[in-house]
Each structure stands twice: as C-alpha cells, then as structure tokens.
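Numbering (the working numbering), first residue to last: 15 to 315. Inspection log for the structure reproduced underneath, given as structure tokens.
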Amino acid sequence: MLLTDAIERWVSHLADVRRLSPATVRAYRSDLADLARTVGEDVPLDRVDLEELREWLWAATSRGDARATLARRTASARAFFGWAVEAGELAVDPSLRLIAPKRARTLPTIASASALSDLLARMAAEAADGDPLALRDHAVLEMLYGSALRVSELCSIAVDDIDRARRTVRVTGKGDKQRVVPFGAPADAAVQAYLVRARPVLLARSPRPRTTLFLGARGGDLGVRSVYDLVARTLGPLVGTAGVGPHALRHSAATHLLDGGADLRAVQEMLGHASLGTTQIYTHVSTERLTATYRQAHPRA
C-alpha cells in the first residue's frame with residue numbers, strides 16, 4: 015500500500031469511526047500530506063523509516079516551523095503509524111523512537127474580571143435600544159464567558175438545549191461528547207432578551223425555519239468567523255491585541271473560577287477536558303497572577 019493511500023484510509027477512519035471534529039481531521043491530513051510530500055507520495059508505506067521521519071521534522075525545523083507545530087506533527091505521525099500497525103498494514107512502527115521537540119509553554123490570554131464586567135455592561139447598554147444584532151452580541155459574549163464554551167459549541171446550540179429553569183445549556187464538544195454546563199443570571203437575562211426581542215426579527219430574514227439559538231444578520235446560523243470578529247472587536251482593545259479570539263473568554267472564565275476557589279475537577283467537567291492535565295494550565299495562570307500581585311503590593315516582596 016502506498017503511503018498516500020494509507021493516509022486517506024486513516025483520515026476516513028478518524029472521521030467516520032472515531033468521529034473526530036472536522037478541524038482535527040483536517041489538521042491530521044495536513045500534517046501527513048506534508049510528510050508524503052517530503053518522503054515521496056509514491057513511496058510504499060512500509061518503506062518509511064525512522065530516519066525519513068527525522069528528516070521530515072528537520073526540514074520543518076529548518077524552514078522555521080514553530081515548536082508547537084513540530085510537536086503536533088510528531089503526534090500525528092505516531093498516531094498514524096500506530097494505527098497502521100493495529101490495522102495490519104505494518105509489522106513495525108517506525109515512529110516509536112521519534113522524539114517530539116519540547117513545546118514551549120505559553121499561557122493563554124486572560125482578561126481581568128473587572129475589565130470583562132465593564133465590557134459586558136457596555137454591551138448591555140448598547141443592546142438596551144433593542145437592536146437585534148446588539149442583543150445577540152451581548153448574549154453571545156455572556157454565554158461564552160459565563161459558561162466557558164468553545165466557539166464551535168456556542169454556534170451549535172439549539173433553542174431546546176437551553177434550560178432556563180435550571181440555568182444550564184447542553185452542548186456537544188469534541189468527539190461528539192455532550193455535557194451540561196451552568197450559566198449565571200446575567201447570561202440568562204441576556205439570552206432571554208435576545209430570544210424575545212431579537213431572534214424572531216433575525217429568523218424572519220431566513221428562507222427556512224431554524225432551530226439554532228444564535229442567528230446571523232441574514233437569519234442563517236451564526237458562523238464561527240462572525241464570533242471571532244465580534245470578540246476581536248470588543249475584547250481585543252482590553253487585552254491589547256487584535257488577534258484575540260473567543261478562546262480568551264473561555265480561558266478567562268476558567269481562571270476566574272479557580273481564582274474564586276472552584277475545584278479543579280469541577281472546572282475540568284465544565285470545560286469538557288478529557289484530561290485534568292489540560293485544565294491544570296489555568297492553575298499556572300492563577301499562580302502567575304498571584305505572584306505578580308504579591309510582588310507589586312507586598313512590602314517584603
């Protein structure tokens with residue numbers, strides 16, 4: 015079997031059997047397509063050895079790829095060749111001794127609780143005149159921050175997923191795993207105002223019925239790109255970068271929960287992290303903020 019044919023089989027397995035998200039499948043395909051270009055697209059799968067894999071990573075290093083990219087590609091190669099052995103396409107896994115470069119730890123972008131409170135108060139004031147898009151944007155930001163949602167989760171929420179009596183929302187995360195996440199009174203009020211005063215106006219612009227909670231300006235489902243633009247426009251000036259995205263609100267929510275004394279396991283459940291280790295990065299953020307405050311304020315620092 016050719017390397018390229020094996021890659022396509024594996025990518026189909028990820029999408030159809032393991033049901034990984036389209037974005038994750040695209041990332042795996044991109045990494046392994048780069049491998050195929052480097053070693054040769056007409057090379058048989060069993061001809062790819064450890065030295066060729068090392069040369070592939072070295073080529074990526076030489077052209078300046080980030081360490082995070084190299085680490086991801088190493089993980090992609092290991093996952094692919096591990097599957098090939100399990101599927102009986104290979105007798106020996108050539109990636110077993112492939113070492114990923116150490117990934118530099120970068121702490122996520124965080125906005126302070128007071129800054130976010132001011133932002134959301136301003137968004138509420140802008141929505142008070144009843145403009146449908148202002149009402150929607152306020153509800154979107156309240157839900158992103160109030161429930162620490164991923165942007166893909168927010169955009170896929172259906173109206174029936176909201177339980178206002180319990181103040182919870184059912185979302186579908188990575189790997190099609192569902193979880194129920196709480197939200198607070200401010201998000202509840204913003205969503206209710208949007209449902210009553212804005213969504214019917216936007217829905218009237220749609221050529222067909224919609225079940226999705228958040229709608230775009232023309233009545234279609236609200237897209238991920240639109241949410242990115244909203245966050246960059248409103249949150250960007252607060253954190254000093256135009257490149258900030260919806261994940262900054264998720265990062266901020268997780269950090270503020272831990273700052274407020276939330277249990278790490280509870281935060282893991284809320285975020286939908288498969289591994290506690292993924293959630294623990296926010297403990298580093300909280301510690302860094304505490305240390306900075308100490309150095310600034312304590313007379314013996």
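Even glycine gets a Cβ: it sits at the ideal position worked out from N, Cα and C.
DSSP, reduced to helix, strand and coil, places R184 within a strand of the structure shown. Looking only at D277, L278, L244 and A280, the smallest Cα-Cα distance to L263 is reached by L244.
Closest in C-alpha terms to A50, from the list R81, L28, D30 and S90, comes S90. Distance from the CA atom of A207 to the CA atom of V299, rounded to whole angstroms, is 34 Å. When the beta-carbon positions are compared, R219 and R211 stay at least 8 Å from each other. By the criterion of at least three beta-carbon pairs nearer than 8 Å, the segment 144-155 is in contact with the segment 191-205. Note on G189: under 16 other CB atoms within 10 angstroms of its CB, so exposed under the neighbour-count rule. Counting only residues of its own chain and dropping the five nearest sequence neighbours on each side, A73 has a CB closer than 8 Å to the CB of T52.
Under DSSP, the beta-bridge partners assigned to L229 are D235. Annotation: R219 is outside any alpha helix (DSSP H) and is labelled neither H nor E by DSSP. Within the same chain, Cβ atoms closer than 7 Å to the Cβ of E66 are found at V53, the five residues on either side in sequence being excluded. Beta-bridge pairing by DSSP links V194 to R184. Contact between V195 and T182 is confirmed by a C-beta separation of about 6 Å, below the 8 Å threshold. Closest option to G234, judged by alpha-carbon separation, among S170, T305, L285 and D174: S170. Distance from the CA of H261 to the CA of T293, rounded to the nearest whole angstrom, comes to 14 Å. Between the alpha carbons of R92 and D45 lies a distance of about 11 Å. By the neighbour-count criterion, in which a residue is buried when 16 or more other Cβ atoms sit within 10 angstroms of its Cβ, T305 is exposed. Judged by their CB atoms, A141 and A148 are nearer to each other than the 8 Å cut-off.
The count of Cβ pairs closer than 8 Å, one atom from the segment 270-285 and one from the segment 246-260, stays below three, leaving the stretches out of contact. Here the alpha carbon of A41 sits roughly 16 Å from the alpha carbon of T18.
Secondary structure at P122: coil, using DSSP grouped into helix, strand and coil.
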